[in-house]
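Read the structure below first, then the notes.
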Amino acid sequence: MATNLLKVYNALLEIDHLDDRAKTESLTRVFKRDFASEPGLFFRKRSVEPTPGEEDKLQRLLRHFTTVVADHKTMKREYEAERSKRLHWIKVHIEETTKADAVVFSSQDKDGVRTYLLNKDEKYVVVLEPLRKNSAYYILSAYRLGADSYRKMMNKYKRKLDYIA
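Residue numbers for the sequence shown, in our numbering: 1 to 165.
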């Protein structure tokens, strides 16, 4: 749907009424606009990259932003409407152009240090993994937080590092 290309933060993409093919096409167009352009995406002068993998990096990133793991054993992913409707929010959070009540912090998690771009108004988070050796980030996830997840995120914020990794 061409009107989705006109959507700005914090409007939601209109995709619920579309069939699977049209939904994929609309999301792909929005994604390419925000992520496939040159010179790329940067957070505080450090490039933001998809995690490494076998498939095309942009396809992998789009799949990751619009699906959730449905089966942790097989790592099978399923379409997730709430993530998909907010696909165009990711870029504005990474570029820090939103006027929302947002905080950026880093935290030591069980899997390593993560940098969180937390929008308190929308209860939305973008998760980055800092890469020390080449001054870049992997983008790990972006999603809306439920009530319990938001509480847990605020607990991470209380234990934040003294610096942004």
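Think of the CB as a built atom: it goes at the ideal place given N, C-alpha and C, for glycine as much as any other residue.
Fair warning: this is a prediction, and the values are worked out from it, not measured in the lab.
Whole angstroms are fine: how far does the CA of residue j sit from the CA of residue i?
i, j, result
"Y150", "S107", "15 Å"
"A165", "K120", "20 Å"
"H88", "F31", "7 Å"
"V48", "F35", "10 Å"
"S84", "A11", "12 Å"
"F42", "E96", "10 Å"
"F65", "R33", "15 Å"
"D71", "A22", "26 Å"
"R132", "H17", "43 Å"
"L161", "R86", "28 Å"
"G53", "T24", "21 Å"
"K110", "A2", "42 Å"
"M153", "K99", "20 Å"
"D148", "T67", "20 Å"
"A102", "T74", "35 Å"
"S37", "E55", "19 Å"
"K158", "E122", "19 Å"
"Q59", "K76", "16 Å"
"A136", "L61", "16 Å"
Rounded C-beta distance between residue i and residue j? I'm assuming under 8 Å.
i, j, result
"V92", "Y9", "5 Å"
"I90", "V127", "Between V127 and I90 the Cβ distance is about 11 Å, and since that is not below 8 Å, they are no contact."
"G146", "E129", "Wrong, their Cβ atoms sit about 22 Å apart, outside the cutoff."
"L6", "R29", "Actually they are not in contact, since the Cβ atoms of L6 and R29 sit about 11 Å apart, beyond 8 Å."
Can you tell which of the options has the C-alpha that lies nearest to the C-alpha of residue i?
i, options, result
"T51", "Y157, Y138, A147, Y163", "Y138"
"L118", "Q59, R144, L61, E80", "R144"
"A81", "N155, I15, A142", "I15"
"D20", "S135, K110, E78", "E78"
"Y142", "Y124, A102, K7", "With the sequence shown as reference, residue 142 is identified as Ala, and Tyr is not the correct amino acid for it. Cα-wise, what sits closest to A142 is Y124."
"Y163", "K152, R114, M154", "R114"
"N134", "L161, K45, M154", "K45"
"K156", "Y116, S37, V68, P39", "Y116"
"L27", "D56, R63, L140, K110", "R63"
"K57", "K76, K158, L140", "L140"
"G40", "K76, I94, R60", "I94"
Could you tell me whether the Cβ of residue i comes closer than 9 Å to any Cβ of chain C?
i, result
"R29", "Included in the structure is just one protein chain, with no chain C present."
Does the beta-carbon of residue i, which I'm using as the reference point, lie nearer than 8 Å to any heavy atom of the ligand COA?
i, result
"T66", "Looking at this structure, you won't find the ligand COA or any other ligand, since it has none at all."
Original post:
What residue ranges within the region 55-141 form continuous beta strand (DSSP E) runs of no fewer than 3 residues, ordered along the chain?
Top reply: 67-71, 76-79, 102-109, 112-119, 124-131
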